[in-house]
Amino acid sequence: NFLRKFGSYGTGNGQFQYPTDIAIDGNGNVYVVDVSNHRIQVFDSSGKYLRKFGSRGSANGQLFYPYGIATDSSGNVYVGDVHNQRIQVFDSSGKFLRKWGSQGTGDGQFENPMRIAFHGGGACGDRIYVVDRRNHRIQKFTNSSSGNEPMATARLDYLRGDRSNEGDKGYKFRKRESVLGAIVHSRAIYVGKPMLGWPGAKYAKFKTTHLDREPIIYVGANDGALHGFRAKDGQEVIGYFPASVFDTAANSGLHYFTDPAYRHSYLVDGTPVVSDVFINNRATGRTSWRTVLVGTLRGGGRGLFALDVTNPGAFAEANAKSVVMWEFNNTHDAHLGYTFSEPTITLMNDGRWAAITGNGYEDTADDGTGGQAQLFIIYLDGGIDGEWTEGDDYLRISTGAGSIANRNGLATPAVVDLNGDGTADRAYAGDLEGNLWAFDLSDRVAGSWKVAYGSKAKPRPVFVARSEDGTAQPITVEPVVTRQRAAPGEPSPNLMVYFGTGRNILESDKTNTASQSFYGVWDRRQGNLARNALARQKILFESVRAGGKGRVTDPNLNVDYQWRDDTHYGWYLDLPEKGERVVSDPKVLAGTVFFNTTIPDGAGCGFGGKGWMMSVATHNGGSPEKRQPAFDFDENGAITQAGDTLVFRDRRYAYAGKMFDSGGAPAGPSLVATRDRYMRYTAGDETDKIDAALLTEVEGLAGRIAWQQVYPEIARIKPGAADSQEDREDNRNK
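Sequential numbering from 129 applies to the sequence shown in the numbering used here.
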């Protein structure tokens, strides 16, 4: 039945020129789009004129042929500003709040946004649908992208630990068991006083100045933040949310973290790395020693970030500009994929400090090098001005392996200082196609850095990992690199590179049972090596005794490193169990390489499975010397032949491996020094128990030269190397 009408043609209050849409708020007020008058008029439910807002123009709050209108659950008014190609948001009184959109065909851009509709409520707020007429599509947004300010503020407070809107309260955000999000793959990093050994008066002064620096533990969490906690009491002093985890989609980003329908997703899942560096100080504009943290997202996104953590006492929102150095992500270079690669902070041979990292997985580049495994060298002072220019702020070295159709990716590189001068000369990293790459970074001219073997047009890997049937074996771990002790007189680089194969990135990887291996490869300037150039190691037998289930490999395998026709370029060990793989980084100590294998149980999104803790000789992959077992197999607190070796067919063998049965699949081994010995610690993914084993007493790290291990013995760098770098920076400033 007809009730009433209001309005007439004209420009006065209550008059219209081509009204096109109406919306009604929670109080029954009627908002009318008055197209040709470029305004919105508001009436009560009886048709009484109340107010108007808008005028012709493109400034905030002005309209140019508005067309559609809607109100959200908070009473805010959304207007499709057609000829300005945007959505504008007003409060109920007509005060401009915000806007989004521009002309174009990309996500969030419009070609005549005509109509708006809401579908709403819930922890993610109202969903906003916009008719994008000339793009022939409907675009969907959440009110976090459209700007429901009260809810956005509440969501931010939620991320900071506020619980007043959880469950049935307030905005009904997801109820949490803990305000700290899940910490899955990120390792906690302790940062206390500066402890590196760089020579030079400036670093000595830096160490003295920060001698009593508050120790902080940094770790990434899947609540979207890099957290910093005081070591003495666990009090959080910093929470940094990288912009790379922001998202406007309803099922991702930080707002999804508050949704009751939330299922675990990764956000800031990478392990941060920290080092002292001599770079430009944003706060002072001068070059000085600083302590810098570089973090990654791992499966949470395609990005890295850098923070200045020199002074924890300065952690405050007011100082954010001086703490946050930069972010580098896939929008700056589409060749960067999910940042599974852990960066290394190092001094380069061109005199600049950089973070070296692999490009990770699933890049989005669509050019000639899209989908290829690539090494990124990101200068720490490169992004301070907010701009990223390739060749100046960062470098990218492509291997040529991979394509857009079959995207490859480079894993974590091991960075090596060959001549002891404190700079990075070489890097080794594997890719998803089983290639082990060497990168030559020894030149003082950055433009000359390249893949070590082959040509720029046709780079060649050091080694190609293939199973016995020729199937590619993906390399997703950081190799461990040592000097070649068996042939010390060979020409540079003369290095042994140890790594395992396998992947556990996607859910589908868990059910993959392809054969995987562990390799020790000799880099003697001979690229494109394959397994037929290596000696084959094997599991002699497995045994069960009181201490657990053990493995023995052949300690007498002859690996000939002498330069002749039958020379071996290392050794390999095929892992015998179906689905067994190496997805954690190996370690080397006193002539023994420690690595853990994983055998996932394939149970969907859960963790679990089993694995082996392996300890084999670096020169041939065999069981350690029977008179000196590598670890305490029976876990009685002492290493003895009786408890930690076995006799088989009248011969005594030390164990090369032990089944991990502490709950779930094992993580990577951690080697920790005490006063007179080392311990190996391994955690499972389904328990809070940690397996601890005493290792053979040793004197040192047996020649490992990956950059992370150079630090404890940095005094061995050439005298004046760091001084020269300081001098170069001084001259540059002058």
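Think of the CB as a built atom: it goes at the ideal place given N, C-alpha and C, for glycine as much as any other residue.
Checklist entry - Quick one: is the Cβ of F776 within less than 7 Å of any heavy atom of the ligand FAD? => result In the structure shown, the ligand FAD is absent, as is every other ligand, since no ligand is present at all.
Item to check | Euclidean distance between Cα positions of G628 and E708 | outcome: Counting only the Cα atoms, E708 lies some 11 Å from G628.
Item to check | Residue(s) in a DSSP beta bridge with P147 | outcome: Per DSSP, the beta bridge partners of P147 are D162.
Next on the checklist: On the criterion of 16 or more Cβ atoms from any shown chain inside 10 Å, does D651 qualify as buried, or is it exposed?
Outcome noted: Buried is the call here.
Checklist entry - When we look at the beta-carbon of V775 and count the other beta-carbons within 10 Å, is it buried (16 or more) or exposed? => result Taking all protein chains in view, the Cβ of V775 is surrounded by fewer than 16 other Cβ atoms within 10 Å, so the residue is classified as exposed.
Checklist entry - K133 bridges to which residues according to DSSP? => result Listed as beta-bridge partners of K133 by DSSP are no residues whatsoever.
Next on the checklist: Quick check on A483: buried or exposed, where buried means 16 or more other Cβ atoms within 10 Å of its Cβ?
Outcome noted: Around the beta carbon of A483, 16 or more other beta carbons sit within 10 angstroms, so the residue counts as buried.
Checklist entry - For the beta strand (DSSP E) that contains G381, what are its first and last residues? => result Bounds of any beta strand (DSSP E) do not take in G381; it lies within the alpha helix (DSSP H) bounded by G381 to Y384.
Next on the checklist: By the DSSP assignment, the alpha helix (DSSP H) with D772 in it spans what residues?
Outcome noted: For D772, the enclosing alpha helix (DSSP H) begins and ends at Q769 to D772.
Checklist entry - Thinking C-beta only, is I215 closer than 8 Å to V194? => result Before going further, note that residue 194 is Pro rather than Val in the sequence given. Not a contact, by the Cβ cut-off of 8 Å.
Item to check | Closest Cα partner of G678 within the set G771, F144 and P602 | outcome: Among G771, F144 and P602, the Cα nearest to that of G678 is on G771.
Checklist entry - Near F586, what residues of its chain come up, given a Cβ to Cβ distance below 8 Å and the 5 sequence neighbours on each side ignored? => result One point to set straight first is that residue 586 is Lys, not Phe, in the sequence displayed. Excluding residues within five positions, the ones whose Cβ falls inside 8 Å are G528.
Next on the checklist: Output needed for P840: all residues of its chain with C-beta closer than 7 Å, excluding positions within five of it in sequence on either side, in chain order.
Outcome noted: Its pLDDT being 25, under 50, P840 is placed unreliably by the model, and the measurement read from it follows with that caveat. Nothing meets the Cβ criterion.
Item to check | From N439, G479, F218 and F504, residue whose alpha carbon lies closest to that of D549 | outcome: Check the Cα spacing between D549 and each of N439, G479, F218 and F504: the tightest is with G479.
Checklist entry - When DSSP builds the beta bridges, which residues end up paired with F374? => result Its beta-bridge partners do not exist; DSSP assigns none.
Next on the checklist: In the DSSP assignment, the beta strand (DSSP E) including F100 goes from what residue to what residue?
Outcome noted: Outside the displayed span of the chain (129 to 862) sits residue 100, for which this structure offers no information.
Checklist entry - Between L339 and T424, what straight-line distance do the alpha-carbon atoms span, to the nearest angstrom? => result Near 28 Å, if we compare the C-alpha coordinates of T424 and L339.
Next on the checklist: Using only CA atoms, which one of H247, A245, G156 and Q231 lies nearest to S220?
Outcome noted: In terms of Cα proximity to S220, the closest of H247, A245, G156 and Q231 is G156.
Next on the checklist: Could you tell me the alpha carbon to alpha carbon distance between T551 and V543, rounded to whole angstroms?
Outcome noted: Straight-line Cα distance between these residues: approximately 10 Å.
Checklist entry - Apart from the five residues just before and just after I366, which ones in its own chain have a Cβ nearer than 6 Å to its Cβ? => result The residues are G356 and F443.
Checklist entry - Among residues of its own chain, excluding the 5 on either side of V608, which ones have a beta-carbon nearer than 8 Å to its beta-carbon? => result Around V608: A542, V625, Y626, F627, D713, P714, K715, V716, V721, R832 and A834.
Item to check | contact_flag[the region 320-332, the region 290-306] where n(CB pairs < 8 Å) is 3 or more | outcome: Contact between the region 320-332 and the region 290-306 is absent, because fewer than three Cβ pairs lie under 8 Å.
Next on the checklist: Going by DSSP, what residue range makes up the alpha helix (DSSP H) through V451?
Outcome noted: Taken as a continuous stretch (DSSP letters only), the alpha helix (DSSP H) holding V451 covers A448 to V451.
Item to check | Limits of the unbroken beta strand (DSSP E) element including K677 | outcome: Start and end: G676 to T681.
Next on the checklist: Can you look up H247 in the DSSP assignment and give me helix, strand or coil?
Outcome noted: Of the three classes helix, strand and coil, the one that applies to H247 here is strand, per DSSP.
Checklist entry - Taking the continuous alpha helix (DSSP H) assigned at F301, which residues delimit it? => result Premise fails: F301 is in no alpha helix (DSSP H) and is neither H nor E.
Checklist entry - So is P619 buried or exposed if we call it buried at 16+ other beta carbons inside 10 Å? => result By the neighbour-count definition (other C-beta atoms within 10 Å, threshold 16), P619 is an exposed residue.
Checklist entry - Skipping 5 residues on each side, what residues in its chain have a beta carbon closer than 6 Å to that of G196? => result Residues D149, G208, M242, R243 and I244 of the same chain have their beta carbon placed closer than 6 Å to that of G196, with the five preceding and five following residues left out of the count.
Next on the checklist: So the candidates are V205, R132, Y257 and F192; which of them puts its Cα closest to the Cα of I152?
Outcome noted: I152 has its Cα closest to that of V205, out of V205, R132, Y257 and F192.
Next on the checklist: So, with DSSP's three-state summary, where would you put N263?
Outcome noted: Secondary structure of N263 (DSSP, three-state): helix.
Item to check | Euclidean distance between Cα positions of T485 and L432 | outcome: Just so you know, the alpha carbons of T485 and L432 end up roughly 10 Å apart.
Checklist entry - Under 8 Å, do G655 and R588 count as touching if we go by C-beta distance? => result Yes, the Cβ-Cβ distance between G655 and R588 is below 8 Å.
Next on the checklist: So, with DSSP's three-state summary, where would you put T336?
Outcome noted: If DSSP states are grouped into helix, strand and coil, T336 belongs with the helices.
Checklist entry - Taking three-plus beta-carbon pairs below 8 Å as touching, is the region 383-396 in contact with the region 342-352? => result Segment contact: the region 383-396 against the region 342-352, three or more CB-CB distances shorter than 8 Å; contact assigned.
Item to check | Per-residue DSSP class, three states only, for M476 | outcome: For M476, the secondary structure class from DSSP, reduced to helix, strand or coil, is coil.
Item to check | DSSP-derived helix/strand/coil call for S221 | outcome: In the structure shown, S221 sits in coil (DSSP, three-state: anything other than H, G, I, E or B).
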